[in-house]
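Visitor:
Number of protein chains: 2
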Amino acid sequence: MRISELSRSSGVPVATIKYYLREELLPAGVATSATQAEYDEHHLRRLRLARALITVRGLSVSTTREVLRALDEHSTDTHLLFGLALGAVPTEEPDCPSDQPQEPSPADQLISALGWEISEKAPTRATVTDTLATLRDLGLPADWRTLLPYGRLAERTAELDLAQLEDAADPLERVERAVLLTILLEPVLMALRRMAQENASAKRYPRPEEPADQPADQPVEQAAGGTADGAAEQD
Amino acid sequence: MRISELSRSSGVPVATIKYYLREELLPAGVATSATQAEYDEHHLRRLRLARALITVRGLSVSTTREVLRALDEHSTDTHLLFGLALGAVPTEEPDCPSDQPQEPSPADQLISALGWEISEKAPTRATVTDTLATLRDLGLPADWRTLLPYGRLAERTAELDLAQLEDAADPLERVERAVLLTILLEPVLMALRRMAQENASAKRYPRPEEPADQPADQPVEQAAGGTADGAAEQD
DNA sequence: CTATATTAGACAGTAGAGCTACCCAATTTT
DNA sequence: AAAATTGGGTAGCTCTACTGTCTAATATAG
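Chains as they are written, first to last, in this note's numbering: chain A, 27 to 261; chain B, 27 to 261.
1. Less than 8 Å between C-beta atoms, sequence neighbours within five positions excluded: which residues of the same chain meet that for Asp62(A)?
2. Please report the straight-line C-alpha distance between Ala184(B) and Arg151(B), rounded to a whole angstrom.
3. What's the call for Thr160(A), buried or exposed, on a 16-neighbour Cβ count within 10 Å?
4. At what residues does the alpha helix (DSSP H) containing Ala139(B) begin and finish?
5. On the premise that Pro132(B) lies in contact with Thr155(B), defined as a C-beta separation below 8 Å, what is that separation, rounded to the nearest angstrom?
6. Which residue wins for smallest C-alpha separation from His68(A), given the options Ile209(A), Ile80(A), Leu94(A), Ala228(A)?
7. Would you call Glu224(A) buried or exposed, if buried means 16 or more other Cβ atoms sit within 10 Å of its Cβ?
8. Would you kindly work out how many angstroms separate the C-alpha atoms of Leu136(A) and Pro213(B), rounded to a whole number?
9. With 16 as the cutoff for other CB atoms within 10 Å, does Arg171(A) come out buried or exposed?
10. Check whether the Cβ atoms of Thr208(B) and Asp193(B) lie closer than 9 Å to each other.
11. Along the beta strand (DSSP E) that carries Ser59(A), what are the first and last residues, could you check?
12. Mind checking which residues open and close the beta strand (DSSP E) that includes Ala76(B)?
13. If you draw a straight line from the C-alpha of Gly165(A) to the C-alpha of Arg83(B), how long is it?
14. CB-CB under 7 Å to Val40(A), same chain, minus the five flanking residues each way: which ones, in chain order?
15. Go to Ala226(A), then tell me how far its alpha helix (DSSP H) extends in each direction, as first and last residue.
16. DSSP state of Ala180(B), grouped into three classes?
17. Can you name the residues of chain A whose CB is closer than 8 Å to the CB of Ala78(B)?
18. Suppose you measure from the CA of Val87(B) to the CA of Ile80(B); what does that come to, to the nearest Å?
19. May I ask you to report which of helix, strand or coil DSSP gives Glu64(A)?
20. Quick one: Cα of Glu146(B) to Cα of Arg48(B), how far?
21. At 7 Å on the CB atoms, spell out the chain A contacts of Ala195(B), in chain order.
22. Considering only residues of the same chain and omitting the five flanking positions on each side of Leu140(B), which have a CB-CB separation below 8 Å?
23. Return helix, strand or coil for Leu47(B), following the three-state DSSP convention.
24. What would DSSP say about Arg83(B), mapped onto helix, strand or coil?
25. Check whether chain A comes within 9 Å of Asp239(B), counting only Cβ atoms and requiring the distance to be less than that.
26. Just the C-alpha distance for Ala57(A) and Ala226(A), rounded to the nearest angstrom, thanks.
27. Hey, could you find the ends of the alpha helix (DSSP H) Asp156(B) is sitting in?
28. Against Arg182(B), what residues of chain A qualify as contacts under a CB-to-CB distance less than 7 Å, listed in chain order?
29. If the cut is a Cβ gap below 7 Å, which residues of chain A does Arg91(B) touch?
30. Just how far apart, CA to CA, sit Ser35(A) and Val205(A)?
31. Which first and last residues belong to the alpha helix (DSSP H) in which Ser30(A) is found?
32. Which of the three DSSP states is assigned to Ala189(B) in this structure?
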């Protein structure tokens, strides 16, 4: 198929596809002449994947490129794809360039307490450490011990994730699913957490309903009312 | 304190503070004259909070403004703050403006299956529904039933979250903690999931180590090696 | 076989976000 | 009185993600 059909069947404008080609989100088609190139279903699949990462998950184009590159390079060994640097958070480089032995960071302590085997270079370590520091700066008593039970729940979540991959015959298929599940499900999991919070919180701190009989003091059995308002963004 | 001291004690440039004032992330100080205004610790606290949401969590300025506004408006009733539209994902408005009775969306089915009481207007519903649709478009068999066990884990996570608030005496303090926990912990929870995936995956699909004795065929007991590479972003 | 329509590829232009720099008049401070 | 600081405002800068336009080559229709 040519670029216009790729555009039609994906819903992405031709100009944008060209942009993605320049940005190396898509491999070039096979040129049949100076002004003609041929694309196949592989390109279409790639394009849809890239678009989903960008529009649904909200990844930047450059992060998306890294994700897709990783997907290509490690398509043989499934597990390598996980802990990969798939744009977790605005993490900058470690600002301590010295290679002297350092004391274990909160992230290190948490990881060893959980008994996990995690790459030394994982950017997720910095995310954990930095966020803990920020929370403390803001007056919340939080250290790696606080995160231990969250870590246990993360283990259960990861098991669910891996189970989703079981029925993928092709290992290539499995790698792609791993990426999709890991990344696209993130907003959903956070949405579930917020809803679970709303639900649990509505029961614990019942809102003083307007037509309330008594002023309402502490835990009274009560349902949630309309609450949230619109607009969300950028994740 | 004046603006320059606010800048010094927060580390945020004066020009940026002025920008935040214009964007209504901070309330104006009390003007003592035409060219002088006084700020207090409340402003400093606000500024630090806004900065954390923007730089650590990666929220946009406009989303941050909504979060802070919500924090002010609902500072009396804790639970309302949760499910709030705190920028979960690039969710656009519902594109079906008709108010005729619609069939329940996958999100609705999931929520009722979980037995949750959730605001009708919660933008998280759209996140769930849209992401499920995207996943199916990309060939992953996913429906609301897939998310049920994730929902159960979300309940447990939410319980941990609420427990963190127990020891906050002041209800105002509690609301601020709720916001911090809900939003700042999101990258951490996703980081924990990725690490848990790496850990579990390393054990399930051991990587063929370079100095391997035999070609390695299927599950052999093996630890994870160095994997990830740098760069993460924008979340 | 000529006329019309497409296409690849390159590059400039745009819109929005998030700062940042500068200016000015009005104070403070010295 | 001189020097420094401040508030308020505006303009500009960088980056991201596209979008539009141009050109020459090619495909297709008649």
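Using N, Cα and C, we set each Cβ at its ideal position, and we do this for glycine too. What you are looking at is a predicted structure, and each value in this text was computed from that prediction instead of being measured.
Guide: By the coordinates alone:
1. According to the sequence shown, residue 62(A) is Gln rather than Asp. Apart from sequence neighbours up to five positions away, the residues of its chain that approach Gln62(A) with a beta-carbon distance below 8 Å are Arg28, ordered along the chain.
2. 17 Å
3. buried
4. 132 to 140
5. Right, the Cβ-Cβ distance comes to about 5 Å (below 8 Å), so this counts as a contact.
6. Looking from the CA of His68(A), the closest CA among Ile209(A), Ile80(A), Leu94(A), Ala228(A) belongs to Leu94(A).
7. buried
8. Distance from the CA of Leu136(A) to the CA of Pro213(B), rounded to the nearest whole angstrom, comes to 16 Å.
9. exposed
10. no
11. Here the beta strand (DSSP E) through Ser59(A) covers 56 to 59.
12. Ala76(B) -> not in any beta strand (DSSP E); alpha helix (DSSP H) instead, spanning 67 to 77.
13. Cα to Cα, Gly165(A) sits roughly 17 Å from Arg83(B).
14. Ile29, Ser30, Ser33
15. 197 to 230
16. helix
17. Thr160, Asp163, Leu164
18. 7 Å
19. Glu64(A) carries a strand assignment under DSSP once its states are collapsed to helix, strand and coil.
20. Their backbone Cα atoms lie some 33 Å apart in a straight line.
21. None at all; the shortest Cβ gap to chain A is about 13 Å.
22. Leu174, Gly177, Arg178, Glu181
23. helix
24. coil
25. Because Asp239(B) carries a pLDDT of 42, less than 50, the predicted location of this residue cannot be relied on, and the following value inherits that uncertainty. No - not a single Cβ of chain A is within 9 Å of the one on Asp239(B).
26. 58 Å
27. Looking at the DSSP string, the run of the alpha helix (DSSP H) that includes Asp156(B) is 149 to 163.
28. Listed along the chain, the chain A residues whose CB falls inside 7 Å of the CB of Arg182(B) are Leu179.
29. Under the 7 Å cutoff, chain A gives no residues; its nearest Cβ is about 10 Å from Arg91(B).
30. Rounded to whole angstroms, Ser35(A) to Val205(A) spans 23 Å at the Cα level.
31. 29 to 36
32. It is helical.
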